[in-house]
Each structure stands twice: as C-alpha cells, then as structure tokens.
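S.K.:
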Amino acid sequence: ERNYQAFTARVSSDPAVVMLLMHDLTAMKRAEQMRVDFIANASHELRTPLAAVTGFIETLKGPARDDAEAREQFLDIMGVEAERMRRLIEDLLSLTRIELNEHVPPRGEVSIEAVIKQAAAALAPLAKADGITISVDCPGPVPAVSGERDELVQVFQNLIHNAIKYGRSNGEVKITLRQQMAPGRRGPEPQVVASVKDDGEGIPAEAIPRLTERFYRVDVKRSRERGGTGLGLAIVKHIVNRHNGRLQIESRVGEGSIFTVLLPAAKKAAEKPSDAGVTE
Ligand code: ADP
139 ERNYQAFTAR VSSDPAVVML LMHDLTAMKR AEQMRVDFIA NASHELRTPL
189 AAVTGFIETL KGPARDDAEA REQFLDIMGV EAERMRRLIE DLLSLTRIEL
239 NEHVPPRGEV SIEAVIKQAA AALAPLAKAD GITISVDCPG PVPAVSGERD
289 ELVQVFQNLI HNAIKYGRSN GEVKITLRQQ MAPGRRGPEP QVVASVKDDG
339 EGIPAEAIPR LTERFYRVDV KRSRERGGTG LGLAIVKHIV NRHNGRLQIE
389 SRVGEGSIFT VLLPAAKKAA EKPSDAGVTE
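Count the sequence shown with full-length UniProt numbering and you get residues 139 to 418, in order.
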C-alpha cells in the first residue's frame, strides 16, 4: 500500500490524478489477486484426480496386484479421472484462447440456427442416455450474426450440456430462436435471441450472479459427478462478450432454468460504412 502511495506521489501532486492512479492500482491489485486465485483453483482441481490416479497405481502395484477383479475396477476409475483431467485442460486452454481474442472483433457471418443444430446434434447421444429430448424451435426467419462459428458452437454446446447435466432424467431441453428489435445507438436494431430451457433442479436466486465465475458451482459434488469442470459458463460469458452480446439467466428452484443469449444481428453489407460506395 505504502509503495503505491509513494509511487503516485512522485508521478503527480494533482489530487485528481493521484486519485485516478490509486484507483487503477486497486483495479490492478484486484486483477492480480484474481489471477493468483485462478491458478490456485486450477492446480487444486488438477491435483484431485491426479492424487486418485497415483493412489490407484500404488494399490495396483501392492495389495491389489493379484486381484483381477479389483484391477479392472481400479483401471476404470483411473480412466474416468484421466478423462476429467483432459476435460479440465481443454477448458483451461479454451478460456485462455478466448481471453486473448476477447478484444478482437469477430469477423465471419454465422447462422445461429445452424450453430444450434450443430451443438444439439453433438449432444444428442448424451441426452438420449438420460432419456432427455432436445427440441429446436425457430418459428420465423432470423438474421445472421457477426461471429466466430466455432466459438458460438461452444456457447450452445456448454448451455445444452448444462441443461442435460442439471436437467431432469426423461425431461426436455427446449431451445427457441427468434429475433427482436432492441434499442441501439442509432435507434432500434435487430437482435437474435436464443434460449435454452430445462426442467431440472433450478438454481437458487443468490447463486445466479456468481454462475459465470471460474470454478463457481452451486453443488461441487454434483458438478463433479456429472463431469463438470466449473468453467463452462465462464467460457460462455467471455465468448458472448466478444460478440457484443448478453447472457441472461432465469431460474426457479425445483422447476428449471432458462439461459438466454442475445446477440446483435450482423449489419447488412449496405449499412457497413467501410463498404459504402465500393463496387467490386
Ligand atoms: P460445471 O462444469 O460445474 O457445470 P459451469 O460453469 O457450466 O460449470 O456451471 C457452473 C454451475 O452453474 C454448475 O456447477 C451448476 O451448479 C450451475 N448450473 C449451470 N447450468 C445449470 C442448469 N441448467 N441448471 C442448474 N444449475 C446449473
């Protein structure tokens, strides 16, 4: 604290400038603390499955050496734990990649309907295993959005995966897609609205604002049992931010949850200032 003050005092004697610098330094300290916490959490999350794997290796080398049945069972558990580490590393890498690009505006034009269909198809086998049906309802035409297709597929995969993980067995995951007009800087602008609704356990109101924090889970044990890493919604939030969109979460405990992604429609070629007057 004292170092910061000495530093700011040297930089300027104007109280307003000093205040501003102190404010920046507080924000920097907070960001640094978040980074330290993140590394500590990530290491802890990796250490747990690793401890299980090394523990079973010891058991297999020692007491369970000649027990064929135990060996099969332990190898299965080790496989599950190794898979958990793989998923965690994948999610950590995704998050880092997305954060690096967060301030780069996305370029391609993407149909959200196609994105949702791709994400739903990828998760259909998992849903089927739980007796859950996935439906996609897109009653009218919906404009394209400017975006990175792979990132947007990941958004909907994470949301649909959660709806399956925390949904009711034999329940339903309903995805709806529509467009609406939203207030923009130069009057109303079209927006694409996609929601993923489940009829599962729901989320307590006080937990909702924290869901997109890294490693935050309402029920750590349940998330682990369902193969969660605690990073899915943090990834969703970063991708949606990069696309100038918003994520809305509504939920009722015991009834289910609705995760809605709102994205600005891509500007038509004629509206883009850079294209004005250009003929090809
Ligand atoms: P996880 O890998 O644990 O699922 P996420 O970041 O995707 O991590 O979600 C964070 C937490 O939010 C979950 O652990 C769960 O508690 C809660 N959650 C997310 N989606 C839902 C949902 N559809 N229904 C109920 N709880 C949910």
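Where a beta carbon is used, it is the ideal one built from N, C-alpha and C, also for glycine.
Everything numeric in this text was worked out from a predicted model, so none of it was measured.
Should L349 be listed as close to the ligand ADP, given that the test is whether its C-beta is under 7 Å from any heavy atom?
M.R.: Yes - the ligand ADP has a heavy atom lying nearer than 7 Å to the Cβ of L349.
S.K.: Could you check where the beta strand (DSSP E) with K335 kicks off and where it finishes?
M.R.: Run containing K335: G325 to D336, per the beta strand (DSSP E) assignment.
S.K.: What's the gap between the Cα of Q329 and the Cα of S284?
M.R.: Answer to the nearest angstrom: the Cα atoms are 11 Å apart.
S.K.: Which residue spans inside the region 228 to 264 form an unbroken alpha helix (DSSP H) run of at least 4?
M.R.: DSSP runs (the alpha helix (DSSP H)) wholly in the region 228 to 264: none.
S.K.: Whose CA, out of I313, A259, Q317 and E247, lies closest to the CA of G278?
M.R.: The candidate whose alpha carbon is nearest that of G278 is Q317.
S.K.: Say yes only if the C-beta of I341 is nearer than 7 Å to one or more non-hydrogen atoms of the ligand ADP, and no if none qualify.
M.R.: Yes - the ligand ADP has a heavy atom lying nearer than 7 Å to the Cβ of I341.
S.K.: Please report the residue range of the beta strand (DSSP E) in which S273 lies.
M.R.: Unbroken beta strand (DSSP E) run through S273: T271 to D275.
S.K.: For R203, name the three-state secondary structure that DSSP assigns.
M.R.: Of the three classes helix, strand and coil, the one that applies to R203 here is coil, per DSSP.
S.K.: Taking A258 as the reference, which of F294, R224 and V280 has the closest Cα?
M.R.: Answer by Cα proximity: F294.
S.K.: Return the bridge partner residues of G394 from the DSSP annotation.
M.R.: G394 is bridged to R390.
S.K.: Terminal residues of the continuous beta strand (DSSP E) containing I313?
M.R.: Note, I313: beta strand (DSSP E), E310 to G322.
S.K.: CB H376 to CB I236, shorter than 8 Å?
M.R.: Yes, the pair counts as a contact, with Cβ atoms nearer than the cut-off.
S.K.: Give me the residue from G338, S389 and R352 with the minimum Cα distance to I177.
M.R.: It is R352 whose Cα lies nearest to the Cα of I177.
S.K.: Would DSSP call L163 helix, strand or coil?
M.R.: Here L163 sits in helix by DSSP.
S.K.: Of the residues D162, F212, L385 and P263, which one's Cα is nearest the Cα of K303?
M.R.: Taking only the C-alpha atoms, the option nearest K303 is P263.
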